[in-house]
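Line order of the protein sequences matches chains Z and L. Quick note, the first sequence lines up with residues 1 to 415 if you use the numbering used here. Quick note, the second sequence lines up with residues 416 to 830 if you use the numbering used here.
Protein chains: 2
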Amino acid sequence: MVRLKGFRKLTPIHEALQKFFDQLKIGKLKMVTVSVHQALNRALAEDIIADKDLPRFDRSAVDGYAVRAEDTFETSQFKPKTLRITDGNEVGKKQAKQVWTGNPISDDANAVIMLENTKRINGEIEVWVPVTPGENISKRGEDISKGEVAVKAGTRLKPQHLGLIAALGITEVKVVDKPKIAILATGNELIEIGRKPERNQIFEVNRLILSALCQELGAEPLDLGIAKDDVNEISEKLRVGLEKANAIITTGGTSVGASDLVPAVVNSIGKPGVIVHGIAMRPAMPTALAIADKKPIIILSGNPVAAMIGFEVFARPLIYKMLGLKHEFRPVVKAKITRRVSTVLGRKSFVRVHISQCGEEFFAEPVSTLGSGVISTMTKANGYVVVPENRGGLEEGELVTAHLFGSIEVVDGNV
Amino acid sequence: MVRLKGFRKLTPIHEALQKFFDQLKIGKLKMVTVSVHQALNRALAEDIIADKDLPRFDRSAVDGYAVRAEDTFETSQFKPKTLRITDGNEVGKKQAKQVWTGNPISDDANAVIMLENTKRINGEIEVWVPVTPGENISKRGEDISKGEVAVKAGTRLKPQHLGLIAALGITEVKVVDKPKIAILATGNELIEIGRKPERNQIFEVNRLILSALCQELGAEPLDLGIAKDDVNEISEKLRVGLEKANAIITTGGTSVGASDLVPAVVNSIGKPGVIVHGIAMRPAMPTALAIADKKPIIILSGNPVAAMIGFEVFARPLIYKMLGLKHEFRPVVKAKITRRVSTVLGRKSFVRVHISQCGEEFFAEPVSTLGSGVISTMTKANGYVVVPENRGGLEEGELVTAHLFGSIEVVDGNV
């Protein structure tokens with residue numbers, strides 16, 4: 001019997017995402033409390049409110065002498081003034097109190113004169129540079145005032161956020177639990193890496209790639225293994241995924257061949273099932289998005305490159321939503337395409353490019369427009385350019401916006 | 416007694432780095448063998464050479480029928496041709512063999528015709544779109560040929576590299592051991608977070624920040640705790656660091672005050688000691704670079720922002736060298752400065768900015784030019800602009816190059 005040939009209709013990416021997220025009610029993931037020492041890259045679940053001013057007191061920003069600014073007015077190298085050093089807590093008129101960076105400044109002093117602008121002679125200092133009121137003082141609350149939001153919920157905690165939280169004396173934070181993403185590969189031709197392949201067998205690498213991509217974003221991958229192109233086997237493994245994970249990602253079996261069973265099996269295990277199947281993009285056209293038991297299922301192509309691009313476009317925003325994070329856009333760079341690229345009209349094309357910087361200019365070299373199974377196009381590339389549906393390609397020398405997933409190679413501008 | 420006032424000479428950053436790395440012979444770190452499942456973000460220690468072609472055989476890039484291309488020449492919707500379906504391994508003249516994506520193609524076939532361009536009627540298919548020789552076939556070795564370097568030593572392993580390595584059937588890789596970086600904070604005013612501070616005490620947060628920065632780069636932080644401004648205590652802790660770690664980073668006690676003991680103590684514990692002290696930069700001017708027992712010691716300011724910028728400029732390239740990695744430059748973006756910024760002539764200034772994208776334009780809002788102790792300038796910023804020594808600032812509207820350490824905020828272009 002002949003199956004459906006090709007897709008009757010391809011859905012544009014934005015429409016597919018809209019439909020998917022409209023129907024998907026992402027339940028709040030559990031919050032967990034972790035030490036600030038374990039919180040790097042976690043998603044903050046609740047606002048951190050400053051319970052005190054930071055700094056807690058006016059303090060010196062430099063090494064020097066706390067003084068009354070008025071006492072230094074009109075000094076110069078030719079007209080130095082002399083101030084008496086005090087050891088007390090207060091700084092009187094024409095007095096100076098030695099302070100180091102970070103030391104509190106008492107209310108009667110209003111400026112700090114830097115050590116290098118003074119000369120100490122017995123119990124006095126000679127001053128020849130005037131200071132203005134407030135100079136070299138970090139005012140109480142200058143960093144954060146009591147009651148202010150120090151770090152917003154939905155922030156991915158980077159070293160500087162941890163520093164600010166710790167500076168408030170806070171040792172534990174509430175973060176969103178890592179979403180568990182179950183990952184299943186399907187295909188009769190697939191074997192585990194490390195095994196000895198028969199002539200027509202292929203090492204299964206998508207689970208490894210997708211797990212790593214999940215980890216990079218702060219999700220926890222859960223391995224469902226490899227399923228043969230068999231309804232029962234796929235169905236059984238998907239059920240395990242639905243039970244144990246917050247989302248499922250599958251690869252393979254999503255095209256329109258006789259062995260492309262995944263969308264049908266997904267439809268059979270939960271409602272509403274497949275929401276969209278067939279996206280107006282290249283690669284990753286046979287991607288499907290589904291929901292079963294209120295859990296998202298992203299059905300990716302078995303081709304590694306298509307799976308990676310499908311993950312980028314669909315799984316990445318999903319994981320951000322699950323973590324309650326604002327989407328983090330990849331860095332972009334305007335670069336000149338070094339040669340002509342043809343793309344297919346009616347599909348959004350993701351052209352892998354190698355971006356290099358030469359002097360002040362950026363160049364994007366298309367890595368290959370070969371098949372989406374060619375993983376080395378992803379290792380040679382450090383970014384991609386999106387060509388819209390209404391264009392058949394890019395012209396040589398055209399200025400494009402490249403999205404970076406690796407670091408830019410810097411080529412000596414003088415060569 | 417009066418100590419040295421200020422630095423007699425400030426060294427430009429590039430000169431400081433040059434001196435430091437010229438004298439520092441970075442010993443090869445141990446190699447360790449890890450599973451590809453544990454290798455994400457590790458530094459590859461040896462080239463991965465393909466021991467086989469990838470793909471290992473000519474295979475179909477689509478679902479369809481393997482044919483001899485000649486048999487499809489001159490077909491059209493009005494002039495279809497008919498091919499007989501074969502179940503054998505060979506594809507004879509005027510025959511077609513059904514294949515799914517990834518299936519091997521035997522030598523006698525030279526193209527695959529897509530399923531959607533055929534119509535199956537009993538034991539035959541009708542074909543109306545011609546294919547050219549090689550069409551829809553992934554050729555053996557198209558991805559990587561046997562003997563080729565698949566991934567170069569000195570590569571940080573990202574998901575796509577792991578995928579390529581696994582596709583060759585390789586399950587373990589040799590990576591560079593994580594460099595151990597001992598981290599010490601010094602200062603009488605410092606207390607551990609979680610304790611109750613007295614009036615003039617400050618929570619010590621630099622170790623937390625620097626540990627997180629080390630982890631992000633793939634180094635392993637080792638906590639040396641807090642030392643009082645005391646020669647013996649600092650010296651003792653530094654010795655522990657030299658013994659247990661590959662490098663040491665300290666913060667605090669590096670200015671020119673009476674309690675700024677760290678450079679002197681470093682000089683006393685090993686040769687050649689301090690190489691440079693006082694850098695022509697802002698913040699992080701009092702940074703010192705030292706070597707003792709052939710191990711690098713980076714002496715950072717106690718101000719959290721200065722410590723972070725000092726880490727960026729000096730510790731980051733050091734860690735890349737220790738890992739044997741090519742330096743990864745931060746993504747850059749050309750942005751318009753939204754308001755005037757003043758900087759100090761003769762110093763390279765690191766101005767923290769918040770970069771946003773509005774339509775096609777990028778804007779960099781200076782976050783603050785306040786003291787380098789203000790951590791919130793780092794949490795509000797997502798990048799920095801480097802102002803050269805020979806400029807006194809940036810003009811409003813000036814196009815600058817911003818280095819990104821966070822993701823760009825996208826503002827609706829229509830607002």
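In this text, a Cβ means the ideal position worked out from N, Cα and C, and glycines have one as well.
Through-space distance from L/PRO719 to L/ALA627, alpha-carbon basis: Linking L/ALA627 to L/PRO719 through their CA atoms gives a straight-line distance of about 13 Å.
Residue burial classification, L/THR816 (beta-carbon count within 10 angstroms, cutoff 16): L/THR816 counts as exposed, since fewer than 16 other C-beta atoms from the protein chains shown sit within 10 angstroms of its C-beta.
Cβ contact check for the region 200-217 of chain Z and the region 228-239 of chain Z: 3 or more pairs under 8 Å: Touching, no, given that fewer than three Cβ pairs across the two stretches are closer than 8 Å.
Local conformation of L/THR448 per DSSP, three classes: Strand, per DSSP.
Length of the line joining the Cα atoms of L/ILE608 and Z/ILE299: If you take the alpha carbons of L/ILE608 and Z/ILE299, they lie about 46 Å apart.
DSSP-derived helix/strand/coil call for Z/VAL16: The sequence as given places Ala at residue 16 of chain Z; Val does not occur at that position. In this structure, Z/ALA16 counts as helix in the three-state DSSP scheme.
Assigned secondary structure, L/MET700 (DSSP; H/G/I helix, E/B strand, else coil): Three-state result, L/MET700: coil.
Inter-residue spacing [alpha-carbon to alpha-carbon] between L/ARG697 and L/ALA721: Between L/ARG697 and L/ALA721, the C-alpha separation is close to 8 Å.
Exposed unless 16 or more other CB atoms sit within 10 angstroms - verdict on Z/GLN95: So Z/GLN95 ends up on the buried side.
Amino acids of chain Z, ordered along the chain, whose beta-carbon sits closer than 7 Å to that of L/MET793: For L/MET793, the chain Z residues whose Cβ falls inside 7 Å of its Cβ are GLN160, in order along the chain.
Beta-carbon contacts of Z/MET1 that lie in its chain and below 8 Å, excluding the five residues immediately before and after: Residue confidence for Z/MET1 is low, a pLDDT of 28 falling below 50, so the modelled location carries little weight; the figure read from the coordinates is stated next. Closer than 8 Å at Cβ, skipping near neighbours: no residue.
Close Cβ partners of Z/ILE424 (< 8 Å) along its chain, the five nearest in sequence each way excluded: Given that chain Z is displayed from residue 1 to residue 415, the structure contains no residue 424 of chain Z and the question cannot be resolved.
Residues bridged to L/ARG610 (per DSSP): DSSP output for L/ARG610 lists no bridge partner at all.
CB contact below 8 Å: Z/HIS37 versus chain A: No chain A is part of this structure, whose protein chains are labelled Z and L.
Proximity test, Cβ basis, 8 Å: L/LEU582 and chain Z: Looking at the sequence provided, one finds Ala at residue 582 of chain L rather than Leu. For L/ALA582, the answer is yes, since a Cβ of chain Z falls inside 8 Å of its Cβ.
Option nearest Z/ALA166 by Cα separation, candidates Z/LYS52, Z/LYS119 and Z/VAL127: Closest by C-alpha distance to Z/ALA166, out of Z/LYS52, Z/LYS119 and Z/VAL127, is Z/LYS52.
Best match in Z/VAL313, Z/ILE85 and Z/LEU323 for proximity to Z/SER349 [C-alpha to C-alpha]: Answer by Cα proximity: Z/VAL313.
Residues that Z/LEU17 contacts on chain L, provided the C-beta gap is smaller than 8 Å: For Z/LEU17, there are no C-beta contacts with chain L under 8 Å, since the nearest C-beta of that chain is about 16 Å from it.
Buried or exposed by the 16-neighbour rule on C-beta atoms within 10 Å, applied to L/GLU775: Exposed is the label assigned to L/GLU775, since fewer than 16 other Cβ atoms lie within 10 Å of its Cβ.
Rounded distance between the beta-carbons of Z/PHE203 and L/GLY517, thought under 8 Å: Not quite, the Cβ-Cβ distance comes to about 12 Å (not below 8 Å), so this is no contact.
Reduced DSSP secondary structure (H/G/I, E/B, other) of Z/HIS327: Coil.
Separation of Z/THR33 from Z/LYS19, as counted between CA atoms: So the alpha carbons of these two residues sit roughly 34 Å apart.
For Z/GLN23 and L/ALA481, the rounded distance between their alpha carbons: When rounded, the distance between both Cα atoms is 41 Å.
Element boundaries [beta strand (DSSP E), containing L/LEU637]: Per DSSP, the unbroken beta strand (DSSP E) holding L/LEU637 starts and ends at 635-642.
CB-CB length for L/GLY656 against L/LEU676, believed under 8 Å: Contact between L/GLY656 and L/LEU676 fails: their C-beta atoms lie close to 16 Å from each other, not under 8 Å.
Whole-number beta carbon distance between Z/PRO179 and Z/MET322, since they are thought to touch under 8 Å: At roughly 4 Å, the Cβ-Cβ gap stays under 8 Å, so Z/MET322 and Z/PRO179 are in contact.
Pick from Z/GLU189, Z/ILE279, Z/ALA69 and Z/GLU198 that is closest to Z/ALA16, judged by C-alpha positions: Among Z/GLU189, Z/ILE279, Z/ALA69 and Z/GLU198, the Cα nearest to that of Z/ALA16 is on Z/ILE279.
At least three beta-carbon pairs within less than 8 Å, the region 777-784 of chain L to the region 740-753 of chain L: With three or more CB-CB distances shorter than 8 Å, the region 777-784 of chain L counts as touching the region 740-753 of chain L.
Helix, strand or coil at Z/VAL400 according to DSSP, with G and I counted as helix: Per DSSP, reduced to three states, the secondary structure at Z/VAL400 is strand.
Residues near L/THR669 by beta carbon distance below 8 Å, same chain, minus five either side: Only ASP675, VAL677, PRO678, HIS692, PRO701, THR702, ALA703, ILE714, LEU715, SER716 and GLY717 meet the Cβ criterion.
Buried versus exposed call for Z/PRO133 [16 or more other C-beta atoms within 10 Å across all chains shown]: So Z/PRO133 counts as exposed.
Beta-carbon spacing of L/ASP558, L/TRP515 below 8 Å: With contacts defined by Cβ atoms closer than 8 Å, L/ASP558 and L/TRP515 do not form a contacting pair.
L/ILE823 and L/VAL748 closer than 8 Å at C-beta: Against a cut-off of 8 Å, the Cβ pair of L/VAL748 and L/ILE823 comes out as a contact.
Opening and closing residue of the alpha helix (DSSP H) in which L/SER771 lies: For L/SER771, no alpha helix (DSSP H) segment is defined; the enclosing uninterrupted segment is the beta strand (DSSP E) at 763-773.
For Z/PRO366, three-class secondary structure by DSSP: In the displayed model, Z/PRO366 falls within a strand according to three-state DSSP.
Sheet register partners of L/TYR480 (DSSP bridge): L/TYR480 pairs with L/GLN513 and L/ILE528.
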